[in-house]
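Engineer: Protein sequences, first through last, are from chains A and B. Residue numbers for the first sequence follow the numbering used here, so the first one is 772 and each next one is one higher. Residue numbers for the second sequence follow the numbering used here, so the first one is 62 and each next one is one higher. Ideal placement from N, C-alpha and C gives every residue a C-beta, glycine not left out. This one's a predicted model, so the numbers in the text were calculated from it and none came from an experiment. Would you mind keeping the following structure in view while I ask a few things?
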Amino acid sequence: MKKILVPIKMVLDANMRPRVKADGTGIDLSGMKLSINPFCEIAVEEAVRLKEKGLAEQVVAISIGPAKAQDSLRQALAMGADSARLIETDGPIEPLAVAKLIRMVVDEEKPELVILGKQAVDDDCNQTGQMLAALLDWPQATFASALRVEGTVVHVTREVDGGHQTLSLPLPAVVTTDLRLNEPRHCSLPNIMKARKKALDVTPVAACGVDTVPRLKVLGVKPPEPRKAGRRVADVSELVGDLRAAGAI
Amino acid sequence: MTLLLLADHDGHTLSDATARAVSAARDMGGALHLLVAGENVEPVAKAAADLSDVDKVLMADDPALAHMLAEPVAELLVGLSADYTAVIAPATSIGKDILPRVAARCDVMQVSDITRVIAQDTFERPIYAGNAIETVQSTDRLKVVTIRSSAFDAAPPGNASAPIARVSLPAGAWKARFESEELTKSERPELTSARIVISGGRGLGSAQAFQTVLAPLAECLHAAIGASRAAVDAGYAPNDLQVGQTGKIVAPELYIAIGISGAIQHLAGMKDAKVIVAINKDADAPIFQVADFGLVGDLFTLVPELVHALG
């Protein structure tokens, strides 16, 4: 195939503990480490592997987010993507609007395959890939743990509640990644240097002519109910006694 | 106000997640219709009709619906959606796959994985792996919502069966094709609805130990077995046992974490369990911060001791 499009999102680093803002309006990201969403990193890796196997000619990474998301796009370029595009936004943007913006880019770039993360670990929505497939009227395979391209067909093994399911999709198609699809590479310094010279095109969201007005009103964000502190037990018999007393067994 | 709930099933049995989603639908208010889509699903439709609070069951029986693939099921739901104020589904792998497709076709922003209904249009949902709870209000005419089933009790059987009406799948050229499936067979209770869950982590050290250490305990407590991501990645346990942010979310009466350190992603999947027990040799493991009862020591001696004490 000629081209794979990989939409990625920059999120609060998965190893950082999120802090709820004191005024309850959201999560405080000031001074926090932001990284490429883990599922998106897996998507970039898979696309680059397909290119390295000679199954795709070009990998284009795209992000929809703040100017800082260029860092995540540079990482995708360092991993092996050929070029990148940022649609720059200045506020929160919902999966439906993101899917509409990616559809616009698909119309321009004409990829045969879009690979993206199944879920962003900040809003945990798990929607964008399926929405994009619907807007394009393309087939979809979500939660991929294995992917094999054969001519104009992609065979995708999906992680489902009962085990695994394998689908075949004629291209063009949308695939969303699960954790076990691959282990993303570490970027070498020469590749990071090379990535600085690759094309990264920035378009303001206002120039796209896509309705991005939020449909959901966030009325508040609060920390979860804390669990009451537990205690250490000395041995198995104390544990069994406690569990019986608590009515747990 | 009528809600349409997509029933989750495996072709033969209505899932417990469906009965739990019925409770969430009841909290939203209004009449409730259940859609059972599949091939030869009359027994499933009958089970759906027997749940309390269900006013009507729509049954779509078509070979093209056999594996509940996203394209035909979403198309069916889009076609039916004009008559409803909300389209909802439990956030199982089927619901998560299909509902955003319906939402986009209807130009609606979905509300994913709700844990509480505040009003017909307002919901609580966890974000950041459950490290924050967001309250959101949908401004779309149609609400498209997925339900975190562990946050709701299962609807009991009702006094009378709801009527079952047949609906047909519109003709379409579905592109994705089903090739095969490998489903894990187990005699144990289903992970997301079990009263007791025994979960193993990397501390077990091998696939063999995962089985030989955990199975006797699961046996004597009639428990389901779960796993941490680390244990699944290491190949000790199959993927469908993974408990966590992106795996299964469980809220059993008793959760016993064995050899699990307690990464944020794992805690997101189990911290709503009523009682949490942690057994780990590392006294500083984060799992102890959420455990009601913590036992520090070697799991290879403590777990057999526990089986013996319970025996």
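1. If you follow the alpha helix (DSSP H) that B:Ile348 is part of, which residue opens it and which one closes it?
2. Using 8 angstroms as the threshold, is the C-beta distance between B:Ser199 and B:Arg186 below it?
3. For A:Leu971 versus A:Ala793, is the C-beta spacing smaller than 8 angstroms?
4. Keeping to the same chain, check which residues put their C-beta closer than 6 angstroms to that of A:Asp853; ignore five residues upstream and five downstream.
5. For chain A, check one thing: does any of its Cβ atoms lie closer than 8 angstroms to the Cβ of B:Asp88?
6. Please report the residue range of the beta strand (DSSP E) in which A:Asp972 lies.
7. Name the chain A residues whose beta carbon is nearer than 8 angstroms to that of B:Gly191?
8. For A:Val924, does the count of other Cβ atoms within 10 angstroms reach 16, so buried, or fall short, so exposed?
9. Residues bridged to A:Arg1002 by DSSP?
10. Could you name each continuous alpha helix (DSSP H) segment of 4 residues or more that falls completely within the segment 62–119 of chain B, going from the start of the chain to the end?
11. Tell me whether B:Ala159 sits in a helix, a strand or coil according to DSSP, three-state version.
12. Taking beta-carbon pairs under 9 angstroms, can you tell me which members of the segment 157–174 of chain B lie near chain A?
13. How do the segment 774–782 of chain A and the segment 840–847 of chain A stand: do at least 3 beta-carbon pairs fall below 8 angstroms, yes or no?
14. Tell me the rounded alpha-carbon separation between B:Ala370 and A:Ile1020.
15. In its own chain, which residues sit with a C-beta less than 8 angstroms from the C-beta of A:Ile798, not counting the 5 before and 5 after it?
16. Below 8 angstroms between beta carbons: does that hold for B:Leu230 and B:Leu137?
17. I'd like to check one pair, A:Ile833 with A:Val876: are the Cβ atoms closer than 8 angstroms?
18. Between the segment 166–182 of chain B and the segment 214–224 of chain B, are three or more C-beta pairs nearer than 8 angstroms?
19. Are the CB atoms of B:Leu64 and B:Thr153 within a distance shorter than 8 angstroms?
20. Could you pull the start and end residues of the alpha helix (DSSP H) that A:Leu1010 belongs to?
21. Give me whichever residues DSSP pairs with A:Lys780 in a beta bridge.
22. Ignore the nearest five residues each way along the sequence and tell me which others in B:Ala344's own chain have a CB closer than 7 angstroms to its CB.
23. Compare the Cα-Cα distances from A:Val1004 to each of B:Gly355, B:Ala135, B:Ala324 and B:Ala82 and report the closest residue.
24. Is B:Arg238 close to chain A? Criterion is C-beta to C-beta, closer than 8 angstroms.
25. Taking the alpha-carbon positions, what's the A:Ala818 to A:Asp878 distance?
26. Taking contact to mean at least 3 C-beta pairs separated by less than 8 angstroms, is the segment 91–100 of chain B in contact with the segment 63–78 of chain B?
27. Hey, how far is the Cα of B:Gln326 from the Cα of B:Asp294?
28. Could you list which residues in chain A have their beta carbon closer than 8 angstroms to that of B:Ala135, in chain order?
29. Hey, would you say B:Gly323 sits closer than 8 angstroms to B:Ala298, going by beta carbons?
30. Can you name the residues of chain A whose CB is closer than 7 angstroms to the CB of B:Glu243?
31. Measure the alpha-carbon distance for A:Val885 versus A:Val869 and round it to whole angstroms.
32. Mind checking which residues open and close the beta strand (DSSP E) that includes A:Ile873?
33. Using a C-beta to C-beta distance shorter than 8 angstroms, which residues of chain B count as neighbours of A:Ala1017?
34. Where does the unbroken beta strand (DSSP E) through B:Asp174 begin, and where does it stop?
35. Rank A:Asn808, A:Pro985 and A:Ala912 by C-alpha distance to the C-alpha of A:Thr860 and give the top, closest one.
36. Decide if B:Glu132 is buried, meaning its Cβ has at least 16 other Cβ atoms within 10 Å, or exposed.
Structural biologist: This is what the structure gives:
1. Counting along the chain, the alpha helix (DSSP H) containing B:Ile348 begins and ends at Ile348 to Val351.
2. No, the pair does not count as a contact, with Cβ atoms beyond the cut-off.
3. No, these two residues do not count as a Cβ contact at 8 angstroms.
4. Counting only Cβ-Cβ distances below 6 angstroms, and skipping sequence neighbours, we find Gln829 and Val830.
5. It does not; no Cβ of chain A falls within 8 angstroms.
6. Start and end: Leu971 to Pro975.
7. Close to B:Gly191, with beta-carbon spacing below 8 angstroms, are these residues of chain A in chain order: Pro995.
8. Counting the other CB atoms within 10 Å of its CB gives A:Val924 a total below 16, which places it among the exposed residues.
9. Beta-bridge pairing by DSSP links A:Arg1002 to B:Phe354.
10. The DSSP assignment places 77–89 and 103–110 as complete runs of the alpha helix (DSSP H) inside the segment 62–119 of chain B, in order along the chain (cut-off: 4 residues).
11. First, the residue type needs correcting, since residue 159 of chain B is Ile and not Ala in the sequence shown. B:Ile159 falls in the helix class under three-state DSSP.
12. The residues in question are Lys157, Asp158, Ile159, Leu160, Pro161, Arg162, Val163, Ala164, Ala165, Arg166, Asp168, Val169, Met170, Gln171, Val172, Ser173 and Asp174.
13. Result yes; three or more Cβ-Cβ pairs closer than 8 angstroms.
14. Near 12 angstroms, if we compare the C-alpha coordinates of A:Ile1020 and B:Ala370.
15. Around A:Ile798: Leu783, Pro789, Arg790, Val791, Lys792, Asp893 and Val992.
16. If you check the CB distance, B:Leu230 and B:Leu137 come in under 8 angstroms.
17. Note that the C-beta distance between A:Val876 and A:Ile833 is below 8 angstroms.
18. Below 8 angstroms, too few C-beta pairs join the segment 166–182 of chain B and the segment 214–224 of chain B to call them touching: fewer than three.
19. Not in contact: B:Thr153 and B:Leu64 (Cβ atoms no closer than 8 angstroms).
20. Judged by DSSP secondary structure, A:Leu1010 falls within the alpha helix (DSSP H) whose first and last residues are Val1007 to Ala1016.
21. Looking at the DSSP assignment, A:Lys780 forms no beta bridge with any residue, so it has no partner.
22. For B:Ala344, where only same-chain residues beyond five positions count, the Cβ hits under 7 angstroms are Val357.
23. Looking from the CA of A:Val1004, the closest CA among B:Gly355, B:Ala135, B:Ala324 and B:Ala82 belongs to B:Gly355.
24. Judged by the 8 angstroms Cβ criterion, B:Arg238 is in contact with chain A.
25. When only Cα atoms are considered, A:Ala818 and A:Asp878 end up about 19 angstroms apart.
26. The way I'd put it, the segment 91–100 of chain B does touch the segment 63–78 of chain B; three or more beta-carbon pairs between them come closer than 8 angstroms.
27. Rounded to the nearest angstrom, the gap between the Cα atoms of B:Gln326 and B:Asp294 is 14 angstroms.
28. Here the neighbours are Ala905.
29. Judged by their CB atoms, B:Gly323 and B:Ala298 are not nearer to each other than the 8 angstroms cut-off.
30. Here the neighbours are Gly934 and His935.
31. Put simply, the backbone Cα of A:Val885 is about 14 angstroms away from that of A:Val869.
32. A:Ile873 -> not in any beta strand (DSSP E); alpha helix (DSSP H) instead, spanning Pro866 to Glu880.
33. The CB of A:Ala1017 comes closer than 8 angstroms to the CB of Val336 and Asp353 in chain B, given here in chain order.
34. Unbroken beta strand (DSSP E) run through B:Asp174: Val172 to Ile175.
35. Nearest neighbour of A:Thr860 by Cα position, chosen from A:Asn808, A:Pro985 and A:Ala912, turns out to be A:Pro985.
36. It counts as buried.
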